[in-house]
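Asker: Residue numbers (the numbering used here), protein chains in the order written: chain S, 44 to 367; chain B, 169 to 673.
#1: Check whether the Cβ atoms of residue 103 of chain S and residue 111 of chain S sit closer than 8 Å, and answer yes or no.
#2: Quick check on DSSP: helix, strand or coil for residue 225 of chain S?
#3: With DSSP run on the structure shown, which of helix, strand or coil describes residue 290 of chain B?
#4: CA-CA distance, residue 313 of chain B and residue 109 of chain S?
#5: In terms of residues, what are the limits of the beta strand (DSSP E) holding residue 639 of chain B?
#6: Sort out for me which residues DSSP pairs residue 237 of chain B with in a bridge.
#7: Would residue 186 of chain B count as contacting chain S if we go by Cβ distances under 8 Å?
#8: To the nearest angstrom, how far is the alpha carbon of residue 256 of chain B from that of residue 337 of chain B?
#9: Contact defined as beta carbons within less than 8 Å: I believe residue 293 of chain S pairs with residue 101 of chain S. What is the distance between those atoms, to the nearest angstrom?
#10: If I measure Cβ to Cβ from residue 461 of chain B and keep anything under 6 Å in the same chain, skipping five residues before and after, which residues do I get?
#11: Verify whether the separation of the beta carbon atoms of residue 585 of chain B and residue 621 of chain B is less than 8 Å.
#12: Give the DSSP-derived three-state secondary structure of residue 296 of chain B in the structure shown.
#13: Comparing the C-beta of residue 358 of chain S with each C-beta of chain B, is any distance below 8 Å?
#14: Using a Cβ-Cβ cut-off of 8 Å, state whether residue 245 of chain S counts as contacting chain B.
#15: Residue 222 of chain B and residue 205 of chain B: beta carbons closer than 8 Å?
#16: Assign residue 169 of chain S to buried or exposed, taking buried as 16 or more other Cβ atoms, counted over all protein chains shown, within 10 Å of its Cβ.
#17: Could you pull the start and end residues of the beta strand (DSSP E) that residue 260 of chain B belongs to?
#18: Using the three-state DSSP reduction, which class does residue 358 of chain S fall into: helix, strand or coil?
#19: Name the chain S residues whose beta carbon is nearer than 7 Å to that of residue 264 of chain B?
#20: Let's test the definition: count the other Cβ atoms within 10 Å of the Cβ of residue 343 of chain S and tell me whether it reaches 16, buried, or not, exposed.
#21: When you compare the CB of residue 251 of chain S with every CB in chain B, is at least one pair closer than 8 Å?
#22: Using 8 Å as the limit for Cβ to Cβ distance, is residue 235 of chain S near chain B?
#23: Using three-state DSSP, classify residue 657 of chain B as helix, strand or coil.
#24: If we count the other Cβ atoms within 10 Å of its Cβ and call it buried at 16 or more, is residue 190 of chain S buried or exposed?
#25: Taking contact to mean 3 or more Cβ pairs, one atom from each stretch, closer than 8 Å, check whether the region 478-491 of chain B and the region 518-527 of chain B are in contact.
#26: Return the residues of the region 256-283 of chain B that lie within a Cβ-Cβ distance of less than 7 Å from chain S, sorted by chain order.
#27: Smallest Cα separation from residue 494 of chain B: which of B:269, B:471, B:516, B:506?
#28: Which of the three DSSP states, helix, strand or coil, is assigned to residue 340 of chain S?
#29: For a cutoff of 8 Å on Cβ pairs, would you count residue 232 of chain S as touching chain B?
#30: Strictly under 8 Å for the Cβ-Cβ distance: is residue 262 of chain S near chain B by that measure?
#31: Residues in the same chain with beta-carbon distance under 7 Å from residue 301 of chain S, minus the five sequence neighbours each way, listed in chain order, please.
#32: With contact counted as at least three CB pairs below 8 Å, one residue from each stretch, are the region 187-201 of chain B and the region 389-408 of chain B in contact?
#33: For residue 612 of chain B, which of B:660, B:291, B:552 has the nearest alpha-carbon?
#34: State buried or exposed for residue 535 of chain B, treating a residue as buried only when at least 16 other CB atoms are found within 10 Å of its CB.
#35: Do residue 126 of chain S and residue 290 of chain S have their C-beta atoms closer together than 8 Å?
#36: Would you mind giving the Cβ-Cβ distance between residue 178 of chain S and residue 120 of chain S, rounded to the nearest angstrom? I have them listed as a contact below 8 Å.
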């Protein structure tokens, strides 16, 4: 009796199922609608352009985080890696020139991500612990390098790269979207991407099938570190300075954005589309609340509530769609 | 049935675990194009043998000859490369991946740059599926399929990797009748194409319907291999049993008092339906069935852990309505769960804290724990149950399974229950402690408690019970007492799978 109705609803409710699995767009639409009504400034080209740029930094971090999380892991060190790459990209410019310094920043991110991956994959420790250690250690490294004070860029033409726009879309936002789309393609169309899902979904089945779990995890942590460095470089271009505290608790916002999008913390399920949705929802909320002159602490409360609500909804919906 | 040379021969394979000889010089063979049944009670060694073949365990002694050559099967992947495929009872698939991706997991076709060749993947998967007569395509997400269809996906791997030996472990456990027909058709399809099939099952009707030969295992030893058409249920059952009951079992010598618990028409559609029985003071009621028959779910439902969808529970003659664990405890029921570690004990803590855990009101005043009374109770049970522990604070994780189990009992006994339900009370504990637990069960009944014992071990259930109920696939399928309580009767009761059992309406 129950089985038959279950099978029927599975066929007829394709659209509903899609929405259950992609509820973030509902949230984003709702948020946009509310703020458009509440503030006349919200739906202006200028403001949308701002939202995209503001969201893009967390967004680029979230691209790497999504890969790691589909693998069933987590990376808490992205904020610290971002700070280190910012510091290197600005601090090394005098000694080795602008572009070599940028490259050094990128490589530092890739190397630290690789390091996170190797330790996680080979030690058997949970990545939460490994990257928590990395978060603290790398932040220490940043302070050693910068001292207590912010580093300043010497040649201010460096900051002009951040001012490149394609219509209303800044180079930062463009980078985010290009990276997100590229890695969406990686996730859906390459062996590495699909095996990342296989590992997060059923690690024993993946292992029994001979998939090299360690290799995939190391690759994804390396990508995640590199993404953090990319966000760091873009931030250095935008600010022209490297603060030792740059990107502090951004790892939390990143995780929130990814989870809000619908990618599961337990792994095996998610996409860059969801992450784009999550990142944009978060950015719209922040921007909208600021337009309405909401005090900072109220903003935090609202965002926290939204996150819990979204996850609650996700739980309710997924427990309904899974077989009883 | 073919008479060719075997495709796989198991030659005097022995496998021991600490304290147990799981396989004792087991030999049998599989021919191409035959379905070979492997039967035996729980713990007879079927699973171990199958895991040796699938590369999950390594045999201590003996050899495996595959296609004429002695082989060493190092891992499941290795087994697959050699053409040996195990279809688990619990499917080993990834629900978020597509059907095709699942079939070829670990061996996806790519171009030079690591980009998936989806069209080739889907085409190859389609031909593996078509060969099985599947009615779904390769690109659908696996999680949207029914269990039976997911099982077909796993079987499709046999075609995709050109397996020549496929092992099915209790494949019908979670299938409906129509799904079962589909599975059997699939298995016959494989057989007709020359694959050698090992079929592990408890269900006699399936075995006689499907298989060509039957090998019976008992206590890790092969009792014999027979042709199915020349055998019958009686002969197989006889081969499965025939063990002397151990002398150390203690059956309670108690006089039965009034009825403590009666249930009528109990139902939880997912696990069991229409279950009625009763138990009296001083009685030990055995509940026997195969793993997955719904026994644990039944007692959990009575205790209020699971939802009771229909039926009525009577406690000392009075209807109770739907129970919660708290209400059930207050009435005087105690449920000692199957997995001590997950449900019964806080292993990091000592015996004192564990005993008082479910009874905060007994041992505290205004939420402050009364350590002295906890100590008294601890000492009482340490003596009464002969628990070997260095003291009230020694973490239970340091104790043996048998002593842990005694703490589980102590914790429930100190509330002075009238009915105690023991779910697999001796699983995983050594033989000496087992006998102590059996003695204890008898003692409880002699003191006037009603006891329900769930056990998958036939000698145990036969040894301690006054009366035995058998369950199969969520139904009560028999009741035995006195001289009717024989291994043969129990096996026959749970192996017969009536056609109407759990058919979806």
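Note that CB positions come from ideal geometry on N, CA and C, so glycine has one too.
Answerer: To lay it out plainly:
#1: no
#2: helix
#3: helix
#4: 26 Å
#5: 635-640
#6: B:234
#7: no
#8: 6 Å
#9: 6 Å
#10: 639, 640
#11: no
#12: helix
#13: no
#14: yes
#15: no
#16: exposed
#17: Where residue 260 of chain B is concerned, there is no enclosing beta strand (DSSP E), given that its DSSP letter is neither H nor E.
#18: helix
#19: 240, 244, 311, 312
#20: exposed
#21: yes
#22: yes
#23: helix
#24: exposed
#25: no
#26: 260, 261, 262, 263, 264, 265, 269, 273, 274, 276, 278, 282, 283
#27: B:471
#28: helix
#29: yes
#30: no
#31: 105, 108, 109, 112, 318, 321
#32: yes
#33: B:552
#34: exposed
#35: yes
#36: 4 Å
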